[in-house]
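The sequence shown begins at 540 in our numbering and counts up by one.
A virtual CB, placed ideally from N, CA and C, is assigned to each residue, including glycine.
These notes concern the structure reproduced below.
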Amino acid sequence: MIIALRPGTEKKLVDQVIAEVTKLGYRPHPILGEIQTVIAAIGDERAHASLEALATWPQVEAVLPVQRRYQLVAQEGRKAHTVVKAHGVTIGGTEPFRLMAGPCSVESEEQLLTTARAVKKAGATFLRGGAFKPRTSPYEFQGLGEKGLELLALAKKETGLGIVTEVLSEAHVDKVAAVADILQIGARNSQNFSLLKAAAASGRPILLKRGLSMKVEEWLLAAEYVMSAGNGQVILCERGIRTFETAVRNTLDLGAVALAKRESHLPVIVDPSQAAGRADLVIALSRAAVALGADGLLVEVHPHPAEAKSDGQQQLDLEGMQKLVEEVTPFVKASGRAG
C-alpha cells in the first residue's frame with residue numbers, strides 16, 4: 540500500500556503516520572520528495588489490520604493499493620517524479636537535463652584530466668570513468684583499480700565535476716563510495732542482489748544499468764532491491780539489450796525508457812555508447828533519447844579513441860563530444876529542460 544501525505548506535511552505528522560504503520564504490523568518506507576512525502580507500507584494485508592483508516596487522518600491525502608510487484612519504485616500514488624541529488628546536482632523530475640561523460644576506462648592522469656576538462660567545457664556535470672572494469676575476456680584491460688580511484692579523485696578536485704564510476708564487488712563498495720558521488724551498477728551485475736544491497740547501504744545514489752537480457756519489470760525489481768534497503772536515490776540507465784541484430788553492439792530500447800518513466804517515479808537516463816558500440820551512431824541515438832524524454836545521457840569520451848585500452852570504437856573524441864552537445868541542445872531546449 541502507498542500512503543500519500545499532503546504536500547507540505549511537517550515532520551512530526553509524517554512520523555505519526557510512520558508509527559501507526561509500524562503499529563499495524565507493516566514495514567514503513569518513507570520516501571521524501573520535493574513536493575510530497577509518500578510512505579510505502581510493506582507487508583501482507585491479509586495478516587495485518589487494514590491501512591484504509593489512515594485515509595481519515597488530516598495529513599493523509601490518499602491510501603492507495605499498489606498493483607505492481609515493485610511497490611517502492613511504482614509511480615502509483617505520486618504527484619511528481621523523484622529528484623536524485625548528487626554532488627549538489629539534481630537529476631530527474633523537471634530538473635535540467637544532465638550530461639555525464641568521460642572515458643570507458645581510467646588509463647592515465649593525462650588521459651583523464653584532458654577528458655575531464657573537455658567534457659566540463661562542453662557542459663557535463665559529471666565525469667564518468669571506470670577504475671574497475673568488468674571485461675568479457677580475462678585477458679583484456681581490467682582497469683587501474685585503486686589507482687584509478689585516486690585519479691578520479693584528482694580529476695574531481697581539479698574540475699569540480701561529480702564522479703560516476705562502477706563498483707564490481709561488495710568488497711570495493713566503501714573504497715568506491717569514498718570517491719564517487721554516484722555508484723554505477725553495470726549490466727552484468729544488475730541482478731547481483733548482494734551487491735545491490737551493499738551499494739545501497741553506502742548511502743550514495745545508485746545508477747542502475749539494465750541487464751543485457753532484462754525485462755523492464757526485472758530492471759525495476761532490481762531497483763526495488765536498492766530502495767527496500769533504504770536508499771531511495773536511484774537512477775535507471777538504459778544501455779541497450781542483446782537481440783538478434785549484429786550491426787550494433789546492443790539494441791537501444793527506447794520503448795523501455797518511455798515505459799520506465801511511466802511505470803516508475805525514478806530518473807531514467809540513456810547510455811548511447813554501449814548501445815551503439817560505434818561512435819558514428821552515438822549522436823543520433825542521443826538525439827532520440829533526449830526527444831523521448833530521458834533525464835540525461837551517459838556518454839563515453841576519449842582524447843584519442845584509437846589508442847583507448849577498452850571500447851575505443853564506441854568512444855567519441857573531444858570534438859565529437861562538442862558536436863554531440865551542439866546537436867542535442869535544440870532538443871533539450873524544446874523539452875524545457877535546459878539548465
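Beta-carbon proximity check, residue i vs residue j, cutoff 7 Å
{"i": "GLN854", "j": "ALA845", "result": "no"}
{"i": "VAL871", "j": "PHE665", "result": "no"}
{"i": "ALA657", "j": "LEU863", "result": "no"}
{"i": "GLY779", "j": "LEU791", "result": "yes"}
{"i": "VAL556", "j": "GLU763", "result": "no"}
{"i": "ARG667", "j": "GLY641", "result": "yes"}
{"i": "VAL867", "j": "ALA833", "result": "no"}
{"i": "ARG817", "j": "GLN861", "result": "no"}
{"i": "MET729", "j": "ALA761", "result": "Here residue 729 turns out to be Ser, not Met, going by the sequence shown. Contact: yes."}
{"i": "ALA625", "j": "ASP713", "result": "no"}
{"i": "LEU775", "j": "LEU751", "result": "no"}
{"i": "LEU700", "j": "TYR609", "result": "no"}
{"i": "VAL560", "j": "ALA579", "result": "no"}
{"i": "ALA710", "j": "LYS736", "result": "no"}
{"i": "LEU593", "j": "VAL605", "result": "no"}
{"i": "ALA739", "j": "LEU722", "result": "no"}
Closest residue to residue i among the options (Cα-Cα distance)
{"i": "PRO677", "options": "LEU863, LEU666 and SER849", "result": "SER849"}
{"i": "LYS659", "options": "SER874, LYS686 and ILE702", "result": "ILE702"}
{"i": "LEU837", "options": "VAL821, VAL602, ALA830 and LEU831", "result": "VAL821"}
{"i": "SER803", "options": "GLY684, ARG727, VAL622 and GLY878", "result": "VAL622"}
{"i": "GLY682", "options": "GLU697, GLU646 and LYS800", "result": "GLU646"}
{"i": "LYS672", "options": "ALA579, VAL715, GLN610 and ILE774", "result": "VAL715"}
{"i": "ARG749", "options": "ALA619, VAL807, GLU784 and ALA640", "result": "VAL807"}
{"i": "LEU690", "options": "SER644, ARG608 and PHE783", "result": "SER644"}
{"i": "ALA692", "options": "GLY771, VAL787 and LEU652", "result": "LEU652"}
{"i": "GLU756", "options": "GLU600, VAL796, SER733 and GLN598", "result": "VAL796"}
{"i": "GLY687", "options": "ALA761, ALA815, GLU649 and ARG617", "result": "GLU649"}
{"i": "VAL599", "options": "SER812, LEU751, GLY616 and ASN770", "result": "GLY616"}
{"i": "TYR565", "options": "GLU685, HIS841 and LEU590", "result": "LEU590"}
{"i": "LEU734", "options": "VAL765, LEU759 and LYS754", "result": "VAL765"}
{"i": "ARG727", "options": "PHE680, MET753 and GLU679", "result": "MET753"}
{"i": "GLU839", "options": "ALA827, GLU685 and ALA814", "result": "ALA814"}
{"i": "GLY572", "options": "GLU685, GLY547 and LYS551", "result": "GLY547"}
{"i": "ARG743", "options": "ASN731, ASN770, GLY725 and PHE732", "result": "ASN770"}
Span of the beta strand (DSSP E), counted from its first residue to its last, around residue i
{"i": "ARG826", "result": "It is not in any beta strand (DSSP E) - ARG826 instead sits in the alpha helix (DSSP H) that spans 821-831."}
{"i": "PRO569", "result": "566-571"}
{"i": "THR653", "result": "Counting along the chain, THR653 falls outside any beta strand (DSSP E), though it belongs to the alpha helix (DSSP H) covering 648-661."}
{"i": "MET766", "result": "No beta strand (DSSP E) contains MET766, which is instead part of the alpha helix (DSSP H) from 755-767."}
{"i": "LEU798", "result": "Taken as a continuous stretch (DSSP letters only), LEU798 belongs to no beta strand (DSSP E), being part of the alpha helix (DSSP H) at 793-802."}
{"i": "LYS624", "result": "623-625"}
{"i": "GLN723", "result": "721-724"}
{"i": "LEU707", "result": "Element bounds for LEU707: n/a, residue is neither H nor E."}
{"i": "ALA640", "result": "637-641"}
{"i": "GLU839", "result": "835-839"}
Where residue i falls, given that 16 or more other Cβ within 10 Å makes a residue buried
{"i": "LYS695", "result": "buried"}
{"i": "PRO781", "result": "Residue identity differs from the one stated: residue 781 is Arg in this sequence, not Pro. Exposed, because fewer than 16 other Cβ atoms sit within 10 Å of the Cβ of ARG781."}
{"i": "GLY794", "result": "exposed"}
{"i": "GLY549", "result": "Here the sequence assigns Glu to residue 549, which means Gly is not the residue at that position. Burial call: exposed."}
{"i": "HIS568", "result": "buried"}
{"i": "GLY627", "result": "exposed"}
{"i": "ILE745", "result": "buried"}
{"i": "THR595", "result": "exposed"}
{"i": "THR654", "result": "buried"}
{"i": "ASP583", "result": "exposed"}
{"i": "SER825", "result": "buried"}
{"i": "GLY835", "result": "buried"}
N-terminal and C-terminal residue of the alpha helix (DSSP H) that residue i is part of
{"i": "ILE574", "result": "Per DSSP, ILE574 belongs to no alpha helix (DSSP H) and is neither H nor E."}
{"i": "GLU615", "result": "Neither: GLU615 is in no alpha helix (DSSP H) and is coded neither H nor E."}
{"i": "GLU865", "result": "857-873"}
{"i": "THR698", "result": "685-698"}
{"i": "LEU590", "result": "Careful: LEU590 lies outside any alpha helix (DSSP H) and carries neither H nor E."}
{"i": "THR561", "result": "550-562"}
{"i": "LEU544", "result": "Premise fails: LEU544 lies in the beta strand (DSSP E), 541-544, not in any alpha helix (DSSP H)."}
{"i": "LYS748", "result": "Taken as a continuous stretch (DSSP letters only), LYS748 belongs to no alpha helix (DSSP H), being part of the beta strand (DSSP E) at 745-748."}
{"i": "PHE732", "result": "732-740"}
{"i": "ALA601", "result": "It is not in any alpha helix (DSSP H) - ALA601 instead sits in the beta strand (DSSP E) that spans 599-603."}
{"i": "PRO811", "result": "811-815"}
Whole-angstrom C-beta distance between residue j and residue i, which should lie under 8 Å
{"i": "ILE541", "j": "VAL577", "result": "6 Å"}
{"i": "MET639", "j": "ALA661", "result": "Rounded, the Cβ-Cβ distance is 12 Å, inconsistent with contact."}
{"i": "LEU544", "j": "VAL553", "result": "6 Å"}
{"i": "LEU747", "j": "VAL773", "result": "6 Å"}
{"i": "GLY669", "j": "THR704", "result": "6 Å"}
{"i": "ILE570", "j": "ALA619", "result": "Not a contact, Cβ separation roughly 11 Å."}
{"i": "GLN614", "j": "ARG876", "result": "Not confirmed; about 19 Å, so no contact."}
{"i": "PRO811", "j": "ALA828", "result": "6 Å"}
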